[in-house]
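Note sheet for the following structure.
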Amino acid sequence: MLLQSRKKHIGTLSLSAVLAAAILLAGCSSSKGAEGTAPGSGAAVPASKKVTLMYHFKSGSLDPSNDYIAVRAGIVETLAKLNENLEVQPWLASKWEVKDPVTWSLTIRDGIQFQDGTPLDAAAVKASLERSMQASKPLGGALKIASMEASGQQLTIVTREPHPSFVSELVNPYTGIISTEAEKKAGTAAFNLAPVGTGPFRVKAFTPNVGVQLEKNAKYWDGAAKLDEVEWKFNEDGNVRSMALQAKEVDIATQLPAETVTAISKDAELRVESTSSLRVHFLLFNPARDAVKDVRVRRALDLLLNRESIVGDIMLGHATAANGPFNTRLPFGSKDPVRASDPEQAKKLLAEAGYVPGAGGKLEKDGKPLTLDLITYKGRPELPLIAQLLQSDAAKAGITLNIQTVENIDTYLRQNKDWDFATYSNLSAPRGDGGYFLSSSLVPGGSLNAGGISIDKLNPILARLQATSDPKQRSEITQEAVAVVREEVPHAYAVYPNLIVGMNKRVSDWKPGAEEYYILTNKMDVK
Amino acid sequence: MLQRIRSRLIQLFTVLFALSLLTFTLMKLAPGDPVLSLLRVDEMQVTMADEAQLREELGLNRPLHQQYLAWLGNVLRLDFGTSIMKGKPVLQELMDRLPATLELTLGGLAFMALVAVPLGMLAARYPGRLPDHLGRLFALLGASVPLFWLGLILIFIFSLKLQWLPMTGRGEWKGLILPSVTLGFGLAAVHARLLRSGMLESLSQEYVRSARARGLSERRVYFKHVLRAALIPVLTVFGMTFGSLLGGSVVVETLFAWPGLGSMAVEAVFQRDYPLVQGYLMMTGLLIIAANLAVDLLYGWVDPRIRVKGGRVQ
């Protein structure tokens, strides 16, 4: 009896201990990292100049060769960058010169030090680029570097083949220049948690997938940052980011859902910046299918695309109607007017293509109704809505669109041939050059050309683009290519979605850029 | 006991083997592979030839059974491989994520216990009266409120309006409260109702009448006899809940930027990071089976009438 009673007592104690341990563990875990920002403390108590930012993608690593965050957070910098007009300009490289189609000579800016005090010279850049290419397979393929030779501040790079857009590839954040000496000392795993670059901010602490704390690099070559500290948090939920901004828990919240903008705008302490991005939403046609093989059908669908309604009703005003693959702000963006929705003209084109109204007003040719399969996906929530809008407008013109939503659009388009067109979205000029998008999506074998588009008039123009390195000439050739694309309509470009960033008005001397690369700068300040 | 543990271990390995075979096959049959993500085709200029070459290098073109056997062979040598997307050993990635998941699981269960035990007991003590009605309402809410909605509402009230608690982030102890409440709310509802029905059933048993007839106090009857007997069904569900929570909770992790296993697993599935998905399944399978085994062992301790031997209750 006594033994049984003791057992019961021990049992009850154990159960209590498990519960207590659970609660204690929860409590204890907090004490080791009480560095988070309490509500309001990020914004309301400016003991030092500090900004708290909530970003829409999380990062498990700060490895500059595999994540953009190191450049975005001002830890590392690249040899070239995009300016406000989205033109490629020197950064860590002060200038460059094309010696011959495969040889580039870069002058590395003098007098710069990494955050660990080691000097930046051509040898350090060479070592960094070698590291980047080894760590990132796609980067190695994009740079196409055969060899590099470093001498003082001069770096000579020889590419495996003529690579006229080489400098634009140096804008890629994966090419961010790091101190390989610091990496040797710390070991790669530790280094990827706190990389050493040349930027205005250095890593103070990084918690993978949670956030990074940064402090200013007092010896920054372009003038020390005005901010002392930055807390960069990750959160992938748009509503939470919006509420965090409204609660003043953060000063800047990126990629806000359009429907939260009104509430934020009503707060006198906050404001919203809605900037046209380098992304384009579009329809991608499958030239292997009978109906859309006919350019008149593609043009008709292009004319049925109501861009005004997409901008106003679907994107709630946070987009710009597209007139080509490239944002009009880009030097090579098309200057042509946006194609207005014109159902009557669309019907005329379809009539020319042999489609006549049949039973119930449905268009048909040789007794077969004009029924098209449209593929869409939910990865970007506005795309299925664009598909539905087009379905409605197409039905009025007598075309039946069957919409199919798939999980993985890239795989579906590659593995299936039973689609006529698809809604799609791409960054068309992520590094300030149009060559990537045109070559990837409109040249046979390109990784974004799932339908196998090949346009006879376009191919020689793109071949010329591949052989031209002069930026002005490249812009002209790109515009020439865009004119052909506009005529042949292998894609129907819908809108350039906006980047919607909310910020506290205490943040000054900063606005989000369309390129999304340079978020923290030495100029950013707080009142 | 040893025989029971041995038999459970055999079951464990059989289940893990079947699980790995099934998921490997299903993952491979689903369209897509990690090559497009790995080459970052939406940002970098690559050709379909590059894609094919990488597929070859990763061995993704090999017959399915060869890929599976190669993976299984490595696992038998305790090598779970390297995450294709993260370039990090699978085991290390899982171990990096496990503490956050454990923290959230224990937080959720602690909230569940704090709410469910008193609520279930009060409902059983006063059936058909206010505490029981409140318990029923709570159960209805717990079963019908979606996690993401509850999380957002909690954030809205406690972070945005009252500014008592931070919205996101692991590290600060306050940061654990809202995710734990979100996770534990639905669980508390289920467990409170289970406890209530278990206690009501126990209250109708003869030993309770005997205890009362012997003059034991109501408190002693409830805590020493009724509660213990009512814990059996609660423990069963608790075991399953605990195991599934160890797999991570995607919704709560996404809302509160919690770096746990759930969001990692979903990301790995979308990116077709086969080694990471397989490693995750092996680990969570192991944890779920271990949790259920622990619950089985707890039965005998909670209720002295139960002594399991050779599958029979004595």
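Chains as they are written, first to last, in the UniProt record's numbering: chain A, 1 to 527; chain B, 1 to 314.
Glycine residues also receive a C-beta, built at the ideal position from the N, C-alpha and C atoms.
Owing to the predicted nature of the structure, the values given are computational and were not obtained by experimental measurement.
Beta-bridge annotation (DSSP): residue 373/A is paired with 402/A. If you draw a 10 Å sphere on the C-beta of residue 356/A, you find fewer than 16 other C-beta atoms in it, and that means exposed. With contacts defined as CB atoms closer than 7 Å, residue 447/A and residue 46/B qualify as a contacting pair.
Close CB contacts of residue 257/A within its chain, under the 7 Å cut and outside five residues either way in sequence, are with 238, 239, 242 (chain order).
Taking the Cα of residue 503/A as reference, the smallest distance to any Cα among 254/A, 380/A, 515/A, 327/A is reached at 254/A. Interface with chain A (7 Å Cβ-Cβ cutoff): residue 123/B is excluded. Annotated as proximal: residue 168/A and residue 433/A, with beta-carbon spacing under 7 Å. Rounded to the nearest whole angstrom, the CA to CA distance from residue 69/A to residue 327/A is 24 Å.
Residue 138/A has a beta carbon lying within less than 7 Å of a beta carbon in chain B. The three-state reading of DSSP puts residue 202/B in helix, counting H, G and I together. For residue 351/A, the closest C-alpha among the options 295/A, 333/A, 330/A, 329/A is that of 295/A.
Measuring C-alpha to C-alpha distances from residue 371/A to each of 59/A, 507/A, 397/A identifies 397/A as the nearest. Contact annotation: in the segment 166-182 of chain B, residues whose CB is within less than 9 Å of a CB in chain A are 166, 167, 168, 169, 170, 171, 172, 173, 174, 175, 176, 177, 180. Using a Cβ-Cβ cut-off of 9 Å, residue 157/B is close to nothing in chain A; its nearest Cβ partner there is about 11 Å away. Under DSSP, the beta-bridge partners assigned to residue 214/A are 203/A, 230/A. Of all residues in the segment 386-411 of chain A, the ones placed with a Cβ closer than 7 Å to any Cβ belonging to chain B are 408, 410, 411, in chain order. Residue 164/B counts as exposed, since fewer than 16 other C-beta atoms from the protein chains shown sit within 10 angstroms of its C-beta. Residue 155/A places its beta carbon less than 7 Å from that of residue 106/A. Contacts with chain A at 7 Å (Cβ-Cβ) do not include residue 3/B. Contact note: residue 49/B reaches chain A through 445, using a C-beta cutoff of 9 Å and chain order. Among the residues of chain B, those whose CB is under 9 Å from the CB of residue 210/A are 100, 168, 169, 170, 171, 257, 258, 259, following chain order. Considering only 182/A, 318/A, 302/A, the residue with the shortest C-alpha distance to residue 345/A is 302/A. Legend: CB atoms of the segment 43-69 of chain B lying less than 8 Å from CB atoms of chain A belong to residues 43, 44, 45, 46, 47, 48, 49, 50, 51, 54.
When DSSP states are grouped into helix, strand and coil, residue 91/A belongs to the coil group. Taking 8 Å as the cut-off between beta carbons, none of the residues of the segment 277-299 of chain B comes near chain A. One finds 257 in chain B with Cβ atoms closer than 7 Å to the Cβ of residue 234/A, taken in chain order.
Taking 7 Å as the cut-off, the beta carbon of residue 520/A is found no closer than this to the beta carbon of residue 114/A.
Of the candidates 508/A, 159/A, 523/A, 515/A, 508/A places its Cα closest to the Cα of residue 269/A. Our two residues, residue 335/A and residue 323/A, have alpha carbons roughly 8 Å apart in a direct line.
Of the residues 207/A, 309/A, 142/A, 330/A, the one whose Cα lies closest to the Cα of residue 515/A is 330/A. Residue 94/B places its beta carbon less than 7 Å from that of residue 279/B. Taking 7 Å as the Cβ-Cβ cut-off, the segment 246-263 of chain A approaches chain B at 246, 247, 249, given in chain order.
Of the residues assessed, residue 133/B falls on the exposed side of the cut-off, its CB having fewer than 16 other CB atoms within 10 angstroms. Nearest to residue 84/B by C-alpha distance, out of 153/B, 57/B, 197/B, is 57/B. Interface criterion not met: the Cβ of residue 23/B is under 7 Å from no Cβ in chain A.
Judged by DSSP secondary structure, residue 157/A falls within the beta strand (DSSP E) whose first and last residues are 154-159.
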